[in-house]
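Asks: Dumping the structure here so I can ask a few things about it.
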Amino acid sequence: MDLDTVRELGPWSAHGWRDGDAWLAGGTWLFSEPQPAVRRLVDLTEMGWASLRQLADGSLEIGATCTVAELSAYPHPLFLPCCRAFLASFKIWNVATVGGNLCAALPAGPMISLCAALEGRCLLLAQDGGRRVVPVSDFVRGAGRTVLGEGELLRSITLPAHALRRRSAMRQASLYELGRSAALVIGTRDPAGGATTVTVTASTVRPFQLGFPGLPGREELAEAIERTVPPSGWFSDVHGLPRWRRHMTHRLAEQVRRELSEPT
Ligand SMILES: Cc1cc2nc3c(=O)[nH]c(=O)nc-3n(C[C@H](O)[C@H](O)[C@H](O)COP(=O)(O)OP(=O)(O)OC[C@H]3O[C@@H](n4cnc5c(N)ncnc54)[C@H](O)[C@@H]3O)c2cc1C
C-alpha cells in the first residue's frame, strides 16, 4: 500500500535519527500496513552489507539485508525448509530480508525460528555508536516486539560453527495448506555428547528454548514444554487458537524428539 505520510526516502546519513524515521529493508511488512507515524524511510539495502560470510572459525555471519532467496541457497538442512515456511510468493522471497523478518517479530517469522534454533547472536548498532550482542532467542520479546531501542538497528546475525554442525529436525504445522505457520518446532542435537535443544516458535508469542543434557524422554520433553511456556505464552490469531497451537507443539516436539533418537 502507499505510505502517504512518508516525505523522504534515503540512505543512512550522518544527519542523525529523527522522530518519524523507520528503517526500510525489503519493505514487505512495512508496506503491508498503514504506518501513520512514519515520515522518512532510511534504506538499509544501500548499505552494501555482505549477505553471507563464512568466518574463519566456521561460524556464519548473515547480513541483516540478506534476502530469504539468498539464504535458501546455503547448504544446511534447516535453511531451505525454514525459508519454505514463509507464507510468501517468490516476489516476497526475493526482497524480504532476514533482518526484516527478525525485526517485524511476527510469531510466524521463520527466520526467527531458524536463527534462534541455531543459537544465533544479533549484532545491534545504536545511533550513538554503541554496539551490543543479543541472542536471537532474547531479541524477540513478544508478538511484534523486540529489544531494539529507538533508532537502533540490527546489523547481522552470527550462527556459531558448533550449532551449524549439530544434527537437526524440524516440524511445522499450519491451519490450512500453505497457511502461515501456527507451530514450528526445531530440535538440534550435539553429535558428540548428545545434548539436545528444542526451540518452539510460531505457536508462541516469542521463541522458547528448552535445553537437555542428552535426548529427553517423551514425558520429560512434554513437562519441559509446559514448565517453560506460560499460559499467556501461547499465541492467538486467525491462524490458530492457543489450545490447538499448544496441542500441535507437543505433537511436533515429540516427532522431532523421535527423529533425533534415530541413528544418523
Ligand atoms: C504475502 C505475504 C506473506 C508473508 N508471510 C509471512 C510469514 O509467513 N511469516 C512472517 O514472519 N512474515 C510474513 N510476511 C511479512 C514480511 O514479508 C516478513 O516478515 C519479511 O521477512 C519482512 O522483511 P522485510 O525485509 O521486508 O522487512 P521490512 O518490511 O522492510 O521491515 C520490517 C520491520 O523491521 C524494521 N527493520 C527492517 N530491517 C531492520 C534492521 N536491520 N534493523 C532494525 N529494524 C529493521 C522495519 O523498520 C520494519 O519495522 C508476509 C508478507 C506478505 C506480503
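Just so you know, the sequence shown maps onto residues 38 to 301 in this note's numbering. Ideal placement from N, C-alpha and C gives every residue a C-beta, glycine not left out. Being a predicted model, the structure only gives us computed values, none of them experimental.
1) What I want to know is whether the C-beta of threonine 233 ends up closer than 7 Å to one or more non-hydrogen atoms of ligand 1.
2) Please identify the residue among Ala125, Thr233, Arg202, Phe245 whose C-alpha is closest to the C-alpha of tyrosine 113.
3) Using CA coordinates, which residue listed in Ile149, Arg90, Gly64 is at the minimum distance from glycine 179?
4) How long is the line joining the alpha carbons of threonine 65 and serine 269, rounded to whole angstroms?
5) To the nearest angstrom, how far is the alpha carbon of glutamate 45 from that of serine 69?
6) For threonine 286, is the classification buried or exposed, using 16 other Cβ atoms within 10 angstroms of its Cβ as the cut-off for buried?
7) If distances are taken between C-alpha atoms only, which option among Ser96, Phe127, Asn131 comes closest to cysteine 103?
8) Heavy atom of ligand 2 less than 7 Å from the Cβ of leucine 212, yes or no?
9) Tell me the residue span of the beta strand (DSSP E) that contains glutamate 83.
10) Smallest Cα separation from methionine 207: which of Leu124, Cys119, Pro267, Ala106?
11) On the premise that threonine 225 lies in contact with glycine 248, defined as a C-beta separation below 8 Å, what is that separation, rounded to the nearest angstrom?
12) What residues match up with aspartate 274 in a beta bridge as DSSP calls it?
13) Taking the alpha carbon of glycine 221 as the point to measure from, which residue in Phe272, Gln91, Asp56 has its own alpha carbon closest?
14) Counting C-beta neighbours from all protein chains within 10 Å, is the total for aspartate 39 16 or more, i.e. buried, or is it exposed?
15) Let me make sure I understand the geometry here. Which of Glu189, Ala122, Asp227 has the alpha-carbon closest to that of tyrosine 213?
16) Do the region 257–269 and the region 158–174 make contact, defined as three or more Cβ pairs closer than 8 Å?
17) If we require 3 or more residues per run, which beta strand (DSSP E) segments fall completely within the region 106–167?
18) Just to confirm, is the Cβ distance from serine 193 to isoleucine 129 under 8 Å?
19) Count the other CB atoms within 10 Å of the CB of serine 126; is the residue buried (16 or more) or exposed (fewer)?
20) So the candidates are Gln164, Pro144, His199, Ser205; which of them puts its Cα closest to the Cα of phenylalanine 28?
21) For a test of your reading of the model: does the CB of proline 147 fall under 7 Å from any non-hydrogen atom of ligand 1? Yes or no.
22) Alpha carbon to alpha carbon, what distance is there between aspartate 58 and arginine 76?
23) Examine ligand 1 and report whether any of its heavy atoms sits within less than 7 Å of the Cβ of valine 132.
24) Just to confirm my understanding: we take alanine 210, look at its own chain, exclude 5 residues before and 5 after, and list those with CB closer than 7 Å. What are they?
25) If contacts are defined as beta-carbon pairs under 8 Å, then threonine 238 and alanine 153 qualify, I think. What distance do you get, rounded to the angstrom?
26) Hey, is isoleucine 262 close to ligand 1, as in C-beta under 7 Å from one of its heavy atoms?
Replies: This is what the structure holds:
1) no
2) Checking the sequence shown, residue 113 turns out to be histidine, not tyrosine. That would be Arg202, whose Cα lies nearest to the Cα of histidine 113.
3) Ile149
4) 29 Å
5) Cα to Cα, glutamate 45 sits roughly 18 Å from serine 69.
6) buried
7) Asn131
8) Absence of ligand 2 is noted for the structure shown, with ligand 1 being the only ligands found.
9) Here glutamate 83 belongs to no beta strand (DSSP E), and DSSP marks it neither H nor E.
10) Cys119
11) Not quite, the Cβ-Cβ distance comes to about 10 Å (not below 8 Å), so this is no contact.
12) Beta-bridge partners of aspartate 274 (DSSP): Gly277.
13) Checking the sequence, you will find leucine at residue 221 rather than glycine. Answer by Cα proximity: Phe272.
14) exposed
15) Ala122
16) no
17) Taking only runs of at least 3 residues, the beta strand (DSSP E) segments lying wholly in the region 106–167 are 158–162.
18) no
19) exposed
20) The question about residue 28 has no answer, for the chain in this structure spans 38 to 301.
21) Set against 7 Å, the gap from the CB of proline 147 to the closest heavy atom of ligand 1 is smaller.
22) 6 Å
23) yes
24) Ala219, Ala220, Met285, Leu289
25) 7 Å
26) Answer for isoleucine 262: no, Cβ out of range of ligand 1.
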